[in-house]
Amino acid sequence: MSMRKEPISLKKVRVHNLKGVDLELATNELIVFTGVSGSGKSSMAFDTIYAEGQRRYIESLSVFARRYLGDIAKPDVEFVSGLSPTISIEQKSAGKNPRSTVGTMTEIYDFMRVLFARVGIPHCPVSGEAVAPESKERVMKKLQNLPAGTKVMILAPFAQGKKGEFKDDFRSFLRKGFMRARVDGKIVDLNEEISLDKNLTHDIDIVIDRLVVQPESLSRVAEAVMSALEMGSGVLKVLNLSREEETLYSTHAYSPKSGLYYSSLEPHDFSFNSPTGMCPDCHGMGRTLEFDLDLILDADKSIAEDCCLVASSYQTVRHGNIYDNLAELYDFDVNTPWKKLSKKAQKVFLHGTEKKWTKMHFVHPTRNLSWSDYVMWRGVLR
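According to our numbering, the sequence shown is numbered sequentially starting from 759.
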């Protein structure tokens, strides 16, 4: 759809000290009014263009709505054309926020996000086709067709990138018979005290069931799928424990060509201030910061010798174990100097494992303890 090209035309403007001024302004352009004090800049910009745009917009509303907005006097101008609804932003010098835009400051951005979420037609970024709803039966059939012996965990999404402590919600899950949840990537027991920082965003999924796909367990799979779709409002996640992969299934949006599922569109999907809508590289700021590898890496040292200045030390229990697990999984030695490591090993260490959950085995060096945990390794530069 082409953008509006009709210019804004004003004839015989006689507002304040303007004496019958004619003016034509191009649309979709950045225009600045300049001049000495008293030359009529504010009279033209605010008292004429802004006021007339607001007045016309209010007149387009219902009588009921206009009762609460009041009347705006018509500026002393003979003719105005090409004018759209207008906004005016107060000049402020304090409290500079890099995330503030014209859209956020005027709250137009909030309405646009709702508009796109409600009337937008989502498309698959892989196939380019418009996605369509998928039936519960087809989702169920796909899970039942997994290879026999596949170990899966079925989860229902509850909160994605939301702030809060969720204590009442955890108690509610427990009353409904759910014993575990995945909070920020970790499986927790709902019978235990769960303390979350209410000022931070959290991702919470309810663990519906853990099972092994077998011919005799197909009814259990079907029951878990129906329960997850109900709890997750038409969306469920399946963590394939055998292959350490996670897949999202949705009754809202499905792409037959790519075979991918998507959640229903929500306003936060269009927000650069929300973790679900922001760019994963710049985090909604519009710019990125990058490391100079020559400054942070000592190519003669190994990972075990802490060759990277910004990486957590190999001497710590958690990261020492993670580095050892990565070395075993990707076939390299943590004692090999950085310059002799393969490109693949260097990439895994610096940039992570492509956002997939990996089962890792941990050993405490002094307490004779060992355990397993699922880790999404994002790399030392993330």
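From the three backbone atoms N, C-alpha and C, an ideal C-beta is built for every residue, glycine too.
Please read these numbers as outputs of a predicted model, since none were measured by experiment.
- Thr1046 is not a Cβ neighbour of Ser893, given a cutoff of 8 Å.
- Look at the region 833-915 and you find these whole runs of alpha helix (DSSP H), each 4 residues long or longer: 860-864, 866-877 and 894-902.
- Separation of Val821 and Gly828 (C-alpha to C-alpha, rounded to the nearest whole angstrom) is 11 Å.
- In the three-state reduction of the DSSP assignment, Phe931 falls in the helix class, which pools H, G and I.
- With fewer than three CB-CB distances shorter than 8 Å, the region 1115-1126 does not count as touching the region 926-940.
- Bridge partners of Phe1120 according to DSSP: Trp1129.
- In this chain, the beta strand (DSSP E) harbouring Ala939 covers Arg938 to Val941.
- Straight across, the Cα-Cα distance linking Ser1070 with Arg1140 is about 12 Å.
- Looking at the DSSP output, Arg968 bridges to Met911.
- As a beta-bridge residue in DSSP terms, Ala917 pairs with Ile962.
- Annotation: the continuous beta strand (DSSP E) that includes Asp780 extends over Val779 to Leu783.
- Counting only runs of at least 4 residues, the region 1038-1072 fully encloses the following alpha helix (DSSP H) elements, listed from N- to C-terminal order: 1051-1054.
- For Ile766, the three-state secondary structure derived from DSSP is strand.
- Bridge pairing for Pro1095: Ser1060 [DSSP].
- Looking at Ile807, Val1138 and Leu768, the one whose alpha-carbon comes closest to that of Ile1054 is Val1138.
- Between the beta-carbon of Thr959 and that of Pro1033 there is about 6 Å, and that keeps the pair under the 8 Å contact cut.
- Beta-carbon to beta-carbon, Val993 and Leu904 are separated by about 19 Å, too far to satisfy the 8 Å threshold.
- One Cα belongs to Arg896, the other to Leu1051, and the distance between them is close to 48 Å.
- For the 8 Å CB-CB criterion, Val946 and Leu913 do not form a contact.
- Taking each of Gly793, Asn775 and Lys763 in turn and checking the Cα distance to Asn786, the smallest one comes out for Lys763.
- Residue pairing from DSSP places Leu994 in a beta bridge opposite Tyr1007.
- With respect to the 8 Å criterion, Met911 and Leu976 are not classified as neighbours on the basis of their beta carbons.
- The C-beta distance from Val1092 to Ala1011 rounds to 43 Å, too long to meet the 8 Å contact threshold.
- Nearest neighbour of Pro883 by Cα position, chosen from Tyr1020, Arg1076 and Asp1039, turns out to be Tyr1020.
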